[in-house]
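Numbering (the numbering used here), first residue to last: 8 to 438.
No residue lacks a Cβ here, since even glycine has one placed at the ideal position from N, Cα and C.
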């Protein structure tokens, strides 16, 4: 089979998927471009430090250097993740290639042609838009920090981005082609991908421990001596407790509720069952966004609000949150796609469109409320300690909370909208 012909045919058929993938690449490349420049920007020397009075002396936390690097790494990971998701959604052409006598080389060619065309379009756009956005960011930053100077984007920033793309592209061509080949073989062998059941031990008492640990972290914050790094330890305890709450406590509590009262509330029963599956399926990304709330927000609260470190920290936090929220929505959609048949079955046994919408709504709201509410007491307590020591105003704390909540609330709305579009047609029928 002519691989190039197949690429043209499938590109027309999967145009929307290609556009979504291209937008994701464009966003990640623009972000990488901006933060490559921030690392080498002479105006962002990162003089502010966080100091600890431990036996080892000072702990220096150069946010202006560390956070841009983390953002770039996360952007690269998102490129791999988006590429994998894009190609994994195109099982039919891979299957057609193999059924027509093709091999892994032809699958690799298929990957090469598609990805190359998209990157050829996206890379110049990312450089142009990245330059424009970067100048706007620096204009705002220079006004905010009262910095006098004219800054032009150096050629080195463009070179750094282009060089970083070489290993990324090579890895995509090799890794994704191999994965797509194996995945296609699984489809040809008749293996159907399905949601994994969440295994919960019936006699597991350890889930109570994480509730105690969570409360203990809040108590430590209240009685801890105030200082720049005083809340790192209780934040770490809080993060560990949240890990246990997501992994064991919440699933166990829902399991207990379903056994006692779940049958009486059928819609909530189904919603919470799907909620636990979604929670486990997006666990890594959920924990990363909760890690930001537990560690980065307290660090930003402790910074001088008129420093370069604070400005870069806020920008980095928003960007990292954006990337993680996109990843969560991607993964959530993946689970929704695998759940189509379940909703078709519910429709066949008498669940009308309005009831199915309620089930979806409960699941999405429960999921995103979990992400919002779990770290909230820790952030509020740490913020209140800074307010009591007159190092933070109530308005600033509210701004921090809004910065944390708004992206998650927006992603909740997007997820619910996509959920409806995926499961229910415009005519009100199941897909």
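message: What does the alpha-carbon distance come out to for the pair residue 252 and residue 297?
response: Answer to the nearest angstrom: the Cα atoms are 12 angstroms apart.
- request: Specify the secondary structure class of residue 426 as computed by DSSP and reduced to three states.
  value: In the three-state scheme derived from DSSP, where H, G and I count as helix and E and B as strand, residue 426 is classed as helix.
message: Checking 8 angstroms against the spacing of the C-beta atoms, do residue 300 and residue 85 come in under that value?
response: No.
- request: Consult DSSP for residue 431 and reduce its assignment to one of helix, strand or coil.
  value: Per DSSP, reduced to three states, the secondary structure at residue 431 is strand.
Runs of alpha helix (DSSP H) wholly within the stretch 92 to 168 (minimum 4 residues, chain order): For the stretch 92 to 168, whole alpha helix (DSSP H) runs of length 4 or above, ordered along the chain, are 98 to 106, 111 to 152.
query: Helix, strand or coil for residue 58 per DSSP?
result: Residue placement at residue 58 is flagged as unreliable, the pLDDT there being 43, under the threshold of 50; the coordinate-derived value follows with that caveat. Residue 58 falls in the coil class under three-state DSSP.
- prompt: What are the boundary residues of the alpha helix (DSSP H) that includes residue 42?
  reply: Annotation: the continuous alpha helix (DSSP H) that includes residue 42 extends over 22 to 47.
- prompt: Exposed or buried, which one is residue 60 when buried takes at least 16 other CB atoms within 10 Å?
  reply: Its pLDDT being 43, under 50, residue 60 is placed unreliably by the model, and nothing is read from it.
- prompt: Looking at the unbroken alpha helix (DSSP H) that takes in residue 396, where does it start and where does it end?
  reply: Note, residue 396: premise wrong, no alpha helix (DSSP H); not H, not E.
- prompt: Looking at the structure shown, is residue 76 part of a helix, part of a strand, or coil, going by DSSP?
  reply: Reduced to three states, the DSSP call for residue 76 is helix.
- prompt: So residue 305 is in the alpha helix (DSSP H); what residue range does that whole segment cover?
  reply: Following the DSSP letters along the chain, one finds residue 305 inside the alpha helix (DSSP H) bounded by residues 304 to 309.
message: Using a 10 Å radius around the Cβ and a threshold of 16 neighbouring Cβ atoms, would you call residue 289 buried or exposed?
response: Around the Cβ of residue 289, a 10 Å sphere holds 16 or more other Cβ atoms; the residue is buried.
- prompt: If we ignore side chains and look at the alpha-carbon of each, how far apart do residue 169 and residue 157 end up?
  reply: So the two alpha carbons sit approximately 25 angstroms from each other.
- prompt: Straight-line CA distance for residue 359 to residue 291?
  reply: If I take the Cα positions, the gap works out to 34 angstroms.
task: Measure the alpha-carbon distance for residue 405 versus residue 411 and round it to whole angstroms.
output: Residue 405 and residue 411: Cα-Cα distance of roughly 10 angstroms.
task: Check residue 334 in the structure and name its three-state DSSP category.
output: Under the three-state reduction of DSSP, residue 334 is assigned to helix.
query: Mapping DSSP to helix, strand and coil, what is residue 341?
result: Helix at residue 341.
- prompt: residue 358 by DSSP, collapsed to three states: which one?
  reply: Residue state, collapsed to three classes: coil.
message: Give me, in chain order, the residues of the same chain whose beta-carbon lies closer than 8 angstroms to that of residue 256; leave out the 5 immediate sequence neighbours on both sides.
response: Within the same chain, residue 256 has close Cβ partners 214, 215, 217, 218.
Integer-rounded CB distance, given that residue 36 should sit under 8 angstroms from residue 177: Between residue 177 and residue 36 the beta-carbon gap is near 16 angstroms, outside 8 angstroms, which marks them as no contact.
Short Cβ contact (8 angstroms threshold) for residue 282 with residue 374: Contact annotation: residue 282 and residue 374 have beta-carbon atoms nearer than 8 angstroms.
message: As a quick exercise: from 285, 318, 134, pick the residue whose alpha carbon is nearest that of residue 146.
response: Closest by alpha carbon: 318.
Coil, strand or helix - residue 382 by DSSP: Correct three-state label for residue 382: coil.
task: Kindly indicate which residue of 134, 241, 332 has the alpha-carbon position closest to the one of residue 302.
output: When only C-alpha atoms are compared, the closest one is 241.
- request: Please report how far the alpha carbon of residue 125 lies from the alpha carbon of residue 244, in whole angstroms.
  value: If I take the Cα positions, the gap works out to 44 angstroms.
- request: Pick out whichever of 280, 419, 83, 234 has its Cα sitting closest to the Cα of residue 366.
  value: Ranking 280, 419, 83, 234 by Cα distance to residue 366 puts 280 first.
Burial state of residue 266 (16 or more Cβ within 10 Å): By the neighbour-count definition (other C-beta atoms within 10 Å, threshold 16), residue 266 is an exposed residue.
- prompt: CA-CA distance, residue 332 and residue 268?
  reply: If I take the Cα positions, the gap works out to 33 angstroms.
message: Buried or exposed, going by whether 16 or more other CB atoms sit within 10 Å of the CB of residue 141?
response: Under this definition residue 141 is a buried residue.
- prompt: What is the rounded straight-line gap between the Cα of residue 342 and the Cα of residue 431?
  reply: Taking the CA atoms as reference points, residue 342 sits about 15 angstroms from residue 431.
task: Counting only the same chain and skipping the five closest in sequence on each side, list residues whose C-beta sits under 7 angstroms from that of residue 119.
output: Excluding the 5 residues flanking it on each side, residue 119 has same chain C-beta neighbours closer than 7 angstroms at 180, in chain order.
message: I'd like to know whether the C-beta atoms of residue 327 and residue 81 end up nearer to each other than 8 angstroms.
response: With respect to the 8 angstroms criterion, residue 327 and residue 81 are classified as neighbours on the basis of their beta carbons.
field: residue 315 versus residue 21 - alpha carbon distance
entry: Roughly 44 angstroms separates the two Cα atoms.
task: To the nearest angstrom, report how far apart residue 248 and residue 221 are at their CA atoms.
output: Distance from the CA atom of residue 248 to the CA atom of residue 221, rounded to whole angstroms, is 5 angstroms.
- request: To the nearest angstrom, report how far apart residue 420 and residue 370 are at their CA atoms.
  value: If you take the alpha carbons of residue 420 and residue 370, they lie about 12 angstroms apart.
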